[in-house]
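So the sequences go chain by chain: L and H. Going letter by letter, the first sequence gives residues 1 to 431 in the UniProt record's numbering. Going letter by letter, the second sequence gives residues 1 to 82 in the UniProt record's numbering. Each residue gets a CB set at the ideal place from its N, CA and C atoms; glycine is no exception. The next block holds one structure in the form of structure tokens; read it before the comments.
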Amino acid sequence: MTASDTSRSRGTEPRTVVVTGLGATTPLGGDVASTWEGMLAGRSGVRAITEPWAEQLPVRIAGQVAVDPTEVMSRVEARKLDRSAQLALVATREAWADAGFTAPAGEDAALPDATRVTVAVGSGIGGVTTLLNQWDVLREKGARRMSPHTVPMLMPNSPSANVELEVGARGGAHSLVSACATGAENIGYAMEMIRSGRADVVVTGGTEAAIHPMPLGAFAAMMALSKRNDEPERASRPYDKGRDGFVMGEGAGILVLESKEHAEARGARIYAEIAGQGLSSDAHHIAQPEPTGRGIIQAVRAALADAGIPLEEVLHVNAHATSTELGDLAEIKALREVLGEHASRLVITATKSMTGHMLGATGAVENIATVLALYHRLVPPTINLEDRDNEVDLDVVVHEPRPLPAEGRISALNNSFGFGGHNVVIAVRSV
Amino acid sequence: MAATKEEVLSGLADIVNEIAGVPAEDVLVDKSFTDDLDVDSLSMVEVVVAAEERFGVKIPDDEVKNLKTVGDAVEYILNNQG
Numbered sequence: 001m002t003a004s005d006t007s008r009s010r011g012t013e014p015r016t017v018v019v020t021g022l023g024a025t026t027p028l029g030g031d032v033a034s035t036w037e038g039m040l041a042g043r044s045g046v047r048a049i050t051e052p053w054a055e056q057l058p059v060r061i062a063g064q065v066a067v068d069p070t071e072v073m074s075r076v077e078a079r080k081l082d083r084s085a086q087l088a089l090v091a092t093r094e095a096w097a098d099a100g101f102t103a104p105a106g107e108d109a110a111l112p113d114a115t116r117v118t119v120a121v122g123s124g125i126g127g128v129t130t131l132l133n134q135w136d137v138l139r140e141k142g143a144r145r146m147s148p149h150t151v152p153m154l155m156p157n158s159p160s161a162n163v164e165l166e167v168g169a170r171g172g173a174h175s176l177v178s179a180c181a182t183g184a185e186n187i188g189y190a191m192e193m194i195r196s197g198r199a200d201v202v203v204t205g206g207t208e209a210a211i212h213p214m215p216l217g218a219f220a221a222m223m224a225l226s227k228r229n230d231e232p233e234r235a236s237r238p239y240d241k242g243r244d245g246f247v248m249g250e251g252a253g254i255l256v257l258e259s260k261e262h263a264e265a266r267g268a269r270i271y272a273e274i275a276g277q278g279l280s281s282d283a284h285h286i287a288q289p290e291p292t293g294r295g296i297i298q299a300v301r302a303a304l305a306d307a308g309i310p311l312e313e314v315l316h317v318n319a320h321a322t323s324t325e326l327g328d329l330a331e332i333k334a335l336r337e338v339l340g341e342h343a344s345r346l347v348i349t350a351t352k353s354m355t356g357h358m359l360g361a362t363g364a365v366e367n368i369a370t371v372l373a374l375y376h377r378l379v380p381p382t383i384n385l386e387d388r389d390n391e392v393d394l395d396v397v398v399h400e401p402r403p404l405p406a407e408g409r410i411s412a413l414n415n416s417f418g419f420g421g422h423n424v425v426i427a428v429r430s431v
Numbered sequence: 001m002a003a004t005k006e007e008v009l010s011g012l013a014d015i016v017n018e019i020a021g022v023p024a025e026d027v028l029v030d031k032s033f034t035d036d037l038d039v040d041s042l043s044m045v046e047v048v049v050a051a052e053e054r055f056g057v058k059i060p061d062d063e064v065k066n067l068k069t070v071g072d073a074v075e076y077i078l079n080n081q082g
């Protein structure tokens, strides 16, 4: 047995999982640096939708991506991809290069081995705009005129499959779907792949591009969206008494996760450790959060136990906080309950106040924000919190970024919850 | 009025460029769509539909497999345009 065979066998000790590459495209910017800078500056990425189709809708605001993906890829490539896959590819290219990989897996002499690279990238809704646009083509022009790329564009695993093609991953490509917890759930799954020894490198995260009249109208029909059409930048306001629903965003967040020994062997820069995950389901309602926060409490406890992190080490929570009254308060109540006395010693933030709610991408982009908060020891603020709900009695970072302790090991939790009662909590630890 | 051979070739070159990104000047009669121009089977369907529309011809699915080169397509279109 060679040394390399040994490293591939499933050991009894779970392996440590680290983050070595980050990529994002969001309403705040076309990459991680501009997104992070926008968050620290407390900038809103929410705008009025200027396309004529929005005129007839009750909701005419959204967090559209700051950089059109078709401007940063070839025309030929773009026409074969739904926008959700376009966004995922843009973020993947950044993350893969950020991890220090200069060619697809297996194509150069350097690491990694392509058969040990896996993908776990999900989307909440998948290629919905392709589905709707091609339905229009069918009705208006007939079946003969439909794009032959329709099926590979609209299938929900399309972003995952295209990421696999992009990086040359031959170890498997997965796409877990759990509504607005999708991005986080894929990261948790990726962590398990590495821990258990089934992969050395996993490209993971989430993507979404559903700003189209049908999904917008459908969310509006649920009374889930803010109708603050005249003040788009002030519309996403978690914890504020004036909140009136979430703002739909779009984007993608991609992380390169790696076993610690694999990352160290190649001298990679390590941002943070993905230390554990907690999963639960509310078993309460298809769209409403369970009001006592029972499921969230269970997921937070499970994440801490899975990571082996003592409560005192957790100094930051990137909250799900979509800016709906029921959801925001259930989460606060749950954090209070599970953190007890310690709750007053940590800072929480709601970056959706700036990005809007990027659905299947949101857990991944917020995980990147959590990783960067630990890496830079700086928590981005929550904006639009002007008249705080009395029930929000935790230390929310408002308007200005807040430094975290400069020394010592610190940890953070990243919460993501989705329709269906999916609760995913990812524990991140500094290195 | 029916298109000339030069017009058909030049039109096909534009279509292949638009769909597959191949430089129009590389689209020559002796080139194979799959082997030389890297037009995969899905993109070939797009090329055929765009050519039907542009030149007012019908290219049945059974016929598509016979269109191996750009020259095959030019000949088919010339012989079948209305």
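Within-8 Å CB hit, G21 of chain H to chain C: The structure shown contains no chain C; its protein chains are L and H.
Selection of the stretch 112-146 of chain L by Cβ proximity to chain H, strictly under 7 Å: R144 and R145
With 16 other Cβ atoms within 10 Å as the buried cut-off, status of K141 of chain L: exposed
Within chain H, the residues that S74 of chain L reaches when beta carbons sit closer than 9 Å: G21
Burial state of M153 of chain L (16 or more Cβ within 10 Å): buried
Classification of S196 of chain L by the beta-carbon crowding that lies within 10 angstroms, buried from 16 upward: exposed
Start and end residues, alpha helix (DSSP H) containing H316 of chain L: Not the alpha helix (DSSP H): H316 of chain L falls in the beta strand (DSSP E), residues V314 to N318.
Local conformation of N423 of chain L per DSSP, three classes: strand
Range of the contiguous beta strand (DSSP E) that encloses A81 of chain H: The residue asked about is misnamed: residue 81 of chain H is Gln in this sequence, not Ala. From DSSP, Q81 of chain H is part of no beta strand (DSSP E); its letter is neither H nor E.
Of the residues L:H422, L:M39, L:P112 and L:A91, the one placed nearest H262 of chain L, counting alpha carbons only: L:P112
Local Cβ density within 10 Å of Q56 of chain L, reported as buried at 16 or more and exposed below that: exposed
Contact with chain L by V49 of chain H, beta-carbon distance below 8 Å: yes
Close-in-space but distant-in-sequence residues of the same chain around K241 of chain L (CB under 6 Å, 5 per side omitted): D387 and D389
Among L:A303, L:V203 and L:T351, the one whose alpha carbon lies nearest that of A105 of chain L: L:V203
Where M248 of chain L sits in the DSSP three-state scheme: strand
Reference A120 of chain L; option with closest CA among L:E164, L:M155 and L:T150: L:E164
Within 9 Å of chain L by C-beta, residues of the stretch 37-61 of chain H in sequence order: S41, L42, S43, M44, V45, E46, V49, E52 and E53
Touch test, the stretch 174-194 of chain L against the stretch 122-141 of chain L, Cβ-Cβ under 8 Å, three pairs minimum: yes
Cβ pair residue 83 of chain H, D30 of chain H closer than 8 Å: With chain H represented from 1 up to 82, any question about residue 83 of chain H goes unanswered, as that position is not in the structure.
Rounded C-alpha distance that separates S7 of chain L from V19 of chain L: The predicted model places S7 of chain L with a pLDDT of 44, which falls under 50 and marks its position as unreliable; any figure quoted below should be read in that light. Distance between the alpha carbons of S7 of chain L and V19 of chain L is about 19 Å.
Sub-8 Å separation of A91 of chain L and A252 of chain L beta-carbons: yes
Cut-off 7 Å between Cβ atoms - residues of its own chain near I77 of chain H, not counting five sequence neighbours on either side: V8, A51, F55 and V57
Own chain partners of T102 of chain L with C-beta closer than 7 Å, once the 5 adjacent residues on each side are dropped: D108
Cβ shell of M185 of chain L (< 6 Å), same chain only, five flanking positions each side left out: A quick correction: the sequence has Glu, not Met, at residue 185 of chain L. Counting only Cβ-Cβ distances below 6 Å, and skipping sequence neighbours, we find L176, S178 and V424.
Boundaries of the beta strand (DSSP E) in which S416 of chain L is found, first to last residue: S411 to G418
Cα-Cα separation, I410 of chain L to E400 of chain L: 21 Å
Within 8 Å, strictly: CB atoms of P238 of chain L and T322 of chain L: yes
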